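One structure is given below, encoded as structure tokens.
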Amino acid sequence: MDTQETLDTFIGYYREHGHHRLTGSSLRPPPGDPVLFTTSGMHPLTPYLEGRPHPGGTRLVNVQRCLRTTDLDEVGDDTHLTVFEMLGSWSLGDYDGPTSLRWGHDLLRYGFGVDPGRMHVTVFGGDDQVGPDTGSLATWTDLGVPVELTRDDNWWSNGPTGPCGPDSEIFVWTGDGPPEGTPTGDPRWVEVWNHVMMRYRRHPDGSLEPLVQRNVDTGMGLERMVTVLQGHRSVYGSDGFEPWMTRIPRLWDLDGESLRIVCDHLRSGIVVLGDGIRPSNTGQGYVLRRLVRRVLTRLWRGDGSRTLSDLPDTLIGHTLDHFGQEVGIGPVRGVLLDEERRFRELLRRGRPVVDRQRRRGPLREEDFRYLHDTHGLPRELVTGLLSELE
Ligand code: SER
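In this text, residue positions in the sequence shown follow the numbering used here: the first is 10, and each later residue adds one.
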């Protein structure tokens, strides 16, 4: 099953079960929202999980692009991406958690053809505020799926306050031999789907209050699911990355990790640009700037003359098309090249300054501040230059 078929199967299943399809929103959260980027499918739905009636009804489904800055340092491994798509389904005070789990099992088994013998789940085992999630435990036991009980790993929240609740995560065995161990102890169990029983709101003092309605919020990482279904070990092997993983190595000779980071960050940078964000020194724009600079740092490690001018239009176009973004290839390329020019110039100016500073001894906090405030050199860049100069 390729990416499009996986998406259509998920959406189709939920539509058959009376869910209204939403159009996914942009990576930019609505005005006034404190987070930098949309981090999960539920995020734009927060007011409706808290009780406001949704115009689409009480059963919803969508695919939402997400960006988690907390995952940035993990990118380069087999499963994390900077920008990823999340398939999601919601019961806004409609059906209960066990129904969601049963449908989930049904869809995995018959819709996606996952062997039930290769599934394992985790369930919230209770803590000092909330008891164990007995509904989920009983449902999985009845379905014959092995359960591991955990505490913190099975409590989902989008931040320190707001809607939250116990969750049940579904893992698929990706090892070569028969399944062994449990999800928390063996990374060959890959998490593909999370069902959150979103029934509480956490207050700033840490206390929990039941929400006016009992919701279910599920999220499945599309790229990760496709990877598992296609039997690849890494998300970069799946069809969505095929054009990237074919064209980039022909252009630049990179080590394995650099290749992944370059492909991920360029693809993610294009999507961020496609949502109207421009590079800057703060907020969303700074995340974009860091993505581009990390790409350039990797490229220039091997050869300082490499340039993003060589990036083929087809890769930019493929990404914008996939995410349904209307900004043209030309403007995206223009911003990338402009960033490259700026970064080259910053390094040219910064290298001797950092070199002078480092000769006086190890850099202290105030040196970093001075380099930033007087020379416009961010800490990350100074650290990079330091290791280059050593
Ligand atoms: N909100 C949950 C998650 O992000 C399920 O959608 O995993």
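Backbone N, C-alpha and C fix where the C-beta goes; we use that ideal spot for every residue, glycine too.
Quick caveat: nothing in here was measured; it's all calculated off a predicted structure.
Candidates the options, of which the one nearest residue i by Cα
i    : options                   : result
R276 : F250, W202 and Q222       : F250
R61  : G140, Q222 and R302       : Q222
G215 : H241, L231 and G171       : G171
G343 : I279, R369, T383 and H384 : I279
V362 : P387, E218, D80 and G21   : P387
L398 : R310, H381 and G339       : R310
I179 : H204, R160 and L158       : H204
R259 : S177, P321 and P340       : P321
P155 : P188, G283, D273 and L81  : P188
R315 : M128, V139, V271 and T328 : V271
S98  : L231, G184 and V296       : L231
T108 : G294, L268, L238 and H26  : H26
C173 : D185, R111, P213 and Y379 : P213
D42  : Q293, S243, V235 and L305 : Q293
R353 : D382, S166, G313 and W112 : G313
D162 : V130, L345, V237 and T323 : V130
Y209 : P196, N224 and E200       : N224
T383 : G359, D17 and S243        : G359
G285 : D347, T18 and G337        : G337
G126 : E374, R160, P169 and G186 : G186
P169 : G339, T15, L329 and V44   : V44
R303 : S34, D82 and G21          : D82
G333 : S34, G21 and P252         : S34
R351 : G339, L305, R367 and H331 : L305
C-alpha distance - residue i paired with residue j, whole-angstrom precision
i    : j    : result
Y407 : M51  : Absent from the model: residue 407. The displayed extent of the chain is 10 to 399, so no value can be given.
P192 : H28  : 30 Å
G194 : E335 : 44 Å
T32  : L395 : 46 Å
D124 : H241 : 16 Å
I325 : L390 : 26 Å
P53  : T148 : 29 Å
L372 : L356 : 18 Å
D283 : P40  : Residue identity differs from the one stated: residue 283 is Gly in this sequence, not Asp. Roughly 18 Å between the two C-alpha positions.
S145 : G106 : 7 Å
G393 : Y104 : 52 Å
D295 : S166 : Note that residue 295 is Tyr in the sequence shown here, rather than Asp. Approximately 25 Å between the Cα atoms of the pair.
P196 : G113 : 22 Å
R369 : D376 : 10 Å
F19  : L380 : 51 Å
D264 : I257 : 12 Å
M207 : P38  : 20 Å
Q239 : H331 : 19 Å
D80  : G385 : 26 Å
Residue i, buried or exposed, once every other Cβ within 10 Å from all chains shown has been counted against 16
i    : result
Q73  : buried
Y119 : exposed
N71  : buried
N290 : exposed
P56  : exposed
P64  : exposed
T183 : buried
V237 : buried
P288 : buried
V235 : buried
E374 : exposed
T15  : buried
R378 : exposed
R24  : exposed
R298 : buried
R160 : exposed
Proximity below 9 Å, CB of residue i to CB of residue j
i    : j    : result
G228 : W202 : yes
R233 : T88  : yes
G153 : D142 : no
E349 : L317 : yes
L158 : V132 : yes
L36  : V281 : yes
M254 : V181 : no
D248 : D11  : yes
W164 : D176 : yes
F93  : L76  : yes
T48  : L101 : no
R30  : L69  : yes
V301 : L329 : no
D319 : W261 : yes
Nearest-angstrom beta carbon gap, residue j and residue i [assumed within contact, 8 Å]
i    : j    : result
L217 : Q138 : 6 Å
T78  : F121 : That belief does not hold up - the Cβ atoms of T78 and F121 are roughly 30 Å apart, past 8 Å.
L110 : D226 : Rounded, the Cβ-Cβ distance is 13 Å, inconsistent with contact.
R365 : G85  : Actually they do not touch by this definition, with Cβ atoms about 33 Å apart.
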